[in-house]
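In this note's numbering, the protein residues as written are 1 to 283.
Think of the CB as a built atom: it goes at the ideal place given N, C-alpha and C, for glycine as much as any other residue.
Remember, it's a predicted structure, so these values are computed and weren't measured experimentally.
Heads up: the structure comes next, in structure tokens.
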């Protein structure tokens, strides 16, 4: 398996069918990158006295005891979501009932979808507009060639010029392609748009456009609690606890994204979130 330095850990987790196999491959990968990852080093980190037992466990001869399921990820320098994925894979190795197996498979699939979207980043050749992303989501609801008039009818004829510009952005970025009968989506894997550090100008423009759109939608949706959620609050917090909580919120939100997103959708939604200090630390 060819693994690059940036996506290596994620690609291993996505490819591993069992927790034991994932640990074997992660260990081999880490050892190849950093000499300090030795059997003695790992034994010390885990508090295991018998290197022979540890070697057999790494080879899949022995099972990983439950007490190591959640500690292996951080020791192997996986981030929080990757560590959670590894722990669930190891737990699935030990599942004995159909109910436990189904529950674990649901958890694993949720994380897998998010890791896939985080791993398969999209380099913008031209700035993504809000409407272009909406049009792209429309394509995800149809596994067929779509005619231009269908897109115009869905988003409204009054937005004709903007829709054409949005479609051109998608064409330029090769996310859709033109056929003899209309247009079709190219990459079924690219569901969430990710901006790299060298694209902060694009990201800022896109986020501001999203917030402006939300402002315009407030009168329409503020009273519809079934299909929309608008709210705001201001509070005093401990900065350290806020930063920890924000990390958890972002993790949970992206898990919701993974649970919601589907190629068989019938509705396009806008999911905005703004959380920030009222006054910066430097003020």
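Indicate the three-state DSSP secondary structure (helix, strand or coil) for residue 63 in the structure shown. Numbered from 1 along the chain shown, position 63 holds the residue referred to as residue 63. Residue state, collapsed to three classes: coil.
By how many angstroms is the C-alpha of residue 18 removed from the C-alpha of residue 93? For this step, residue 93 is matched to residue 93 along the chain shown. For this step, residue 18 is matched to residue 18 along the chain shown. Those two C-alpha atoms are separated by around 6 angstroms.
Using a Cβ-Cβ cut-off of 8 angstroms (strictly less than) and excluding sequence neighbours within five positions of residue 179, which residues of its own chain qualify? Numbered from its first residue, the chain shown carries residue 179 at position 179. Taking C-beta separations shorter than 8 angstroms and ignoring five residues to either side along the sequence, the partners of residue 179 in its chain run 145, following chain order.
Going by C-alpha distance, which of 79, 221, 134, 65 is nearest residue 46? Taking the first residue of the chain shown as position 1, residue 46 is located at position 46. Taking only the C-alpha atoms, the option nearest residue 46 is 65.
Is the region 102-116 close to the region 38-45, with three or more CB pairs under 8 angstroms? Counting Cβ pairs under 8 angstroms, fewer than three are found: no touch.
Would you kindly work out how many angstroms separate the C-alpha atoms of residue 256 and residue 250, rounded to a whole number? Residue 256 sits at position 256 when you count from the first residue of the chain shown. Residue 250 sits at position 250 when you count from the first residue of the chain shown. A direct Cα-to-Cα measurement between residue 256 and residue 250 gives close to 10 angstroms.
Taking the continuous alpha helix (DSSP H) assigned at residue 31, which residues delimit it? Here residue 31 refers to the residue found at position 31 when the chain shown is read from its first residue. Unbroken alpha helix (DSSP H) run through residue 31: 19-33.
Run of the beta strand (DSSP E) containing residue 285, from where it starts to where it stops: Given that the chain is displayed from residue 1 to residue 283, the structure contains no residue 285 and the question cannot be resolved.
May I ask you to verify whether the region 10-24 touches the region 82-93, counting CB pairs closer than 8 angstroms and requiring at least 3? Taking a cut-off of 8 angstroms for Cβ pairs, the region 10-24 and the region 82-93 touch, as three or more such pairs fall below it.
Proximity winner among 87, 81, 56, relative to residue 71 (alpha-carbon distances): Here residue 71 corresponds to residue number 71 of the chain shown, with the count starting at 1. The shortest Cα separation from residue 71 among 87, 81, 56 belongs to 87.
Looking at the structure shown, is residue 108 part of a helix, part of a strand, or coil, going by DSSP? Here the question's residue 108 lines up with position 108 in the chain shown. DSSP places residue 108 in helix when its eight states are reduced to three.
Does DSSP put residue 211 in a helix, in a strand, or in coil? As a working note, residue 211 is residue 211 in the chain shown. Helix at residue 211.
Run of the beta strand (DSSP E) containing residue 185, from where it starts to where it stops: Translated into positions along the chain shown, residue 185 becomes position 185. Secondary structure note for residue 185: its beta strand (DSSP E) is the uninterrupted segment 183-185.
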